[in-house]
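Written out below as structure tokens is the structure these notes cover.
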Amino acid sequence: MRQSSFFIPTLKEVPNEAQIPSHQLMLRAGLIRQLASGIFTWLPFGYIALKKVMNILREEIDKIGGQEFLYPALNPIEIWEETGRVEAMGDVMFHIKNREGLVLAPTHEEIVTYHAKQHLQSYRDLPQIWYQIQNKFRNEARPKSGVLRGRQFIMKDSYSMDSNWEGLDVSYQNHFDAYCKIFDRCNIKFFVVGASSGSMGGKKSQEFMVEADAGEDVCAISDSGYSANIEVAVSAKEKIVRLALNDEIVEFETPNSKTIDELIKCFNLNESSLAKSVIYIVNDKPILILMSGNDELNETKLSSIFETNSFRPAEAFELFNITGANAGSIGPINLKQKIEIYADLRLEDANNLISGANKDGYHFKNIDLRRDTQIIAYYDFRTVKANEPDIINGSPIRVVKAIELGHIFKLGTKYSEALKANILDENGKENPIIMGSYGIGVERVLACYIEQNHDENGIIWQTPLAPFHVHLLGLMIEKSDEVKNACERLYLDLSKAGFEVLFDDRIERPGVKFNDADLIGLPLQIIVGNKNLVDGNIEVKIRKTGERQIHKLDEIIIVTNEYFKL
RNA sequence: CGGAGUUUAGCGCAGUCCGGUAGCGCGCUUGGUUUGGGACCAAGAGGCCACAGGUUCGAAUCCUGUAACUCCGACCA
0 MRQSSFFIPT LKEVPNEAQI PSHQLMLRAG LIRQLASGIF TWLPFGYIAL KKVMNILREE
60 IDKIGGQEFL YPALNPIEIW EETGRVEAMG DVMFHIKNRE GLVLAPTHEE IVTYHAKQHL
120 QSYRDLPQIW YQIQNKFRNE ARPKSGVLRG RQFIMKDSYS MDSNWEGLDV SYQNHFDAYC
180 KIFDRCNIKF FVVGASSGSM GGKKSQEFMV EADAGEDVCA ISDSGYSANI EVAVSAKEKI
240 VRLALNDEIV EFETPNSKTI DELIKCFNLN ESSLAKSVIY IVNDKPILIL MSGNDELNET
300 KLSSIFETNS FRPAEAFELF NITGANAGSI GPINLKQKIE IYADLRLEDA NNLISGANKD
360 GYHFKNIDLR RDTQIIAYYD FRTVKANEPD IINGSPIRVV KAIELGHIFK LGTKYSEALK
420 ANILDENGKE NPIIMGSYGI GVERVLACYI EQNHDENGII WQTPLAPFHV HLLGLMIEKS
480 DEVKNACERL YLDLSKAGFE VLFDDRIERP GVKFNDADLI GLPLQIIVGN KNLVDGNIEV
540 KIRKTGERQI HKLDEIIIVT NEYFKL
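When the letters of the first sequence are read in order and numbered with numbering that gives the first Met the number 0, they come out as residues 0 to 565.
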């Protein structure tokens, strides 16, 4: 490709809307342009890289038996109503206004299951892996960070269909392995975490994560190999020990001590002797949850424990109406209204606890949960914090921010049951198809790659994703026939040798070409200028290391071959 | 959806407090000089100052409303 006629608008200055490196560089190096919030145009240079990602995805999913489909983005809403996901998705789903009954698909479980129901009838038709690479539409409340969170984005989504649970395990593991290969091939450093299935439903899910400040997910990881999304992470933090005491409950005055920290400070208490009460409205019903000390309640855990998305912390006025006190003096005993009480596992059967007296400025001590309260159940409600011991061997947990690149789910039969996609087993008995679903955000792969591979001058491409292998720079090409001829010859020979070459034949000063070359970051720069050419020499610069080599013109093909063989 | 901010030439910004009809740098066009790390000189082109309404003799500037975009939070298969 001759750069003089290639549309690759580079920017010297950083557009002010871009905050993170990958977004800035994707704009500056001419990969993307924003059309509206969360909506982007892919320019030719960026689209070439994107297609390289897609090809890697195709190759690896094909290898595990995937068959590529193209499902429509425009879907009849009825199918989505049958699975209850119109409601579950809520505002995230785009609805077509001037054609009632059509929606834009935010994912494709329903459509896949619809076709499976039509044509898969016997266990002998299975297993199947169906996939596509296609645009998804989600009305994100707050698009951000360039292509990392958009309203329209490309996803590789595959769906496995099996006749038994062992088959699902195999399909799931195959995807797990394929995903590892995909991200390895893209040279992306990633880790895998156990995750929450959210509104997807299903038994098990794992996320492929890239550690990054720009990430929106938080993960707990440790050196022993423990890794989980903070939404589901657990630690080996010790339980509160039950003491051999049976002291009566005593009320005591706690003026100006509204937080756990203030109580600890004012009364010289141990954090483990305190129980904090949190009131949530779950399915329009207030419940009280007891947490130990300063432990933080995890709303994702709460959501899966009560199997609902309908919950919120109680408002200040509700707190007073329910308990008789304001925040800071709330506890499980002497509540104004009778409500259900749950507690975190760390508090199981604990005694000798201090908690609010439901009277402003007062607390109770010597509370025995077994003796004095009616706890409906103990669950793991807490959010893991940094430096807690992990559950593998007690290694300290690190809490890091991460970008979710891929997510794999064991769906089970949620969709096949809802849409009645059944097959006959060996005994002629009807059973729902057992499904898995597996997604990768294609743009995110590129954004994460750039987050991990750039310097102050620009992007640093490595071969698998690089839009071109070689950047051929002709310096002062319009002033020297020798330079021109050498460039033309190299352009032809390199292309013949199978390399993808971007040939900078523009009438620009050398400095402009050097800076653009570093900005767009192709792996190898071959620099043809009079300075070296008078001695028959060509300069080769490796973008990643900055190393410069001088070679004879005749050796360039060999040198290039050598470099890309590695 | 809550909070904050921004909107003036293709890009980055000043001008707004204190009203008088728009400016800087980069980029672009033409000519000349330069030419191995984003050149220099000269002459140019390019703006309904986000939109709508109001105040005023006069509004980029003051007032009211709306929209878009960005950030923080909430939400997020």
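Quick reminder that beta carbons are idealized off the backbone N, C-alpha and C, glycines included. A quick note: this is a predicted structure, and the numbers were derived from the prediction, not measured.
Enumerated in chain order, which unbroken segments of the beta strand (DSSP E) with a length of 3 residues or greater are wholly contained in the region 309-349?
310-312 and 339-343
Who are N536's beta bridge partners in DSSP?
K551
Is DSSP giving A227 helix, strand or coil here?
strand
Beta-bridge partners of F363, as assigned by DSSP
E250 and S354
Nearest to Q33 by CA position, among S144, N456, R505 and K51, is which residue?
S144
Residues that E210 bridges to, as DSSP identifies them
A401
Taking only three categories from DSSP, how would you classify G427?
If DSSP states are grouped into helix, strand and coil, G427 belongs with coil.
Would S221 and D348 be called neighbours here (beta carbons separated by less than 7 Å)?
no
Is it the case that the Cβ atoms of I581 and D161 are separated by a distance below 7 Å?
As shown, the chain starts at 0 and ends at 565. That puts residue 581 outside it, with no answer to give.
Would you give the residue range spanned by the beta strand (DSSP E) that T307 belongs to?
No beta strand (DSSP E) contains T307, which DSSP labels as neither H nor E.
Whole-number beta carbon distance between S271 and I248, since they are thought to touch under 8 Å
With a Cβ gap of about 18 Å, I248 and S271 do not count as contacting.
Please report the residue range of the beta strand (DSSP E) in which R32 lies.
I31 to A35
Does DSSP put S157 in a helix, in a strand, or in coil?
strand
Give the single residue among F363, N74, L125 and N351 whose Cα lies nearest to the Cα of F136.
N74
Cβ neighbours of E306 in the same chain (closer than 6 Å, five flanking residues each side left out):
The beta carbon of E306 sits closer than 6 Å to none of the beta carbons in its chain outside the five residues before and after it.
Classify P331: buried if its beta carbon has 16 or more other beta carbons within 10 angstroms, exposed otherwise.
buried
Do three or more CB pairs link the region 383-397 to the region 355-368 at distances below 8 Å?
no
Here's the rule I'm using: 16 or more other beta-carbon atoms within 10 Å means buried, otherwise exposed. How should E86 be labelled?
exposed
If we count the other Cβ atoms within 10 Å of its Cβ and call it buried at 16 or more, is I181 buried or exposed?
buried
Cβ separation of V209 and I402, assumed to be a contact under 8 Å, to the nearest whole Å:
5 Å
Specify the secondary structure class of P285 as computed by DSSP and reduced to three states.
strand
Drop a sphere of 10 angstroms on the beta-carbon of V40, count the other beta-carbons inside from all chains shown, and report buried for 16 or more, exposed for fewer.
The amino acid occupying residue 40 in the given sequence is Thr; Val does not appear at that position. Result: exposed.
Taking the CB atoms as reference points, tell me whether N529 and I549 lie closer together than 7 Å.
no
C-beta atoms of H470 and E499 nearer than 7 Å:
No.
With distances taken from CA atoms, which of A213, E237 and S195 is nearest A227?
S195
The alpha helix (DSSP H) enclosing A446, as first and last residue numbers
Residues V441 to Q451.
Between the region 397-414 and the region 425-441, are three or more C-beta pairs nearer than 8 Å?
yes
Could you tell me the boundaries of the beta strand (DSSP E) in which A376 lies?
I374 to Y378
Between the C-alpha atoms of E230 and F93, what's the straight-line distance to the nearest angstrom?
27 Å
Are three or more beta carbon pairs between the region 277-290 and the region 310-318 nearer than 8 Å?
A contact exists between the region 277-290 and the region 310-318.
Of all the options G520, L523 and L552, which has the alpha carbon lying nearest to the alpha carbon of L532?
L552
Where T9 sits in the DSSP three-state scheme:
Reduced to three states, the DSSP call for T9 is coil.
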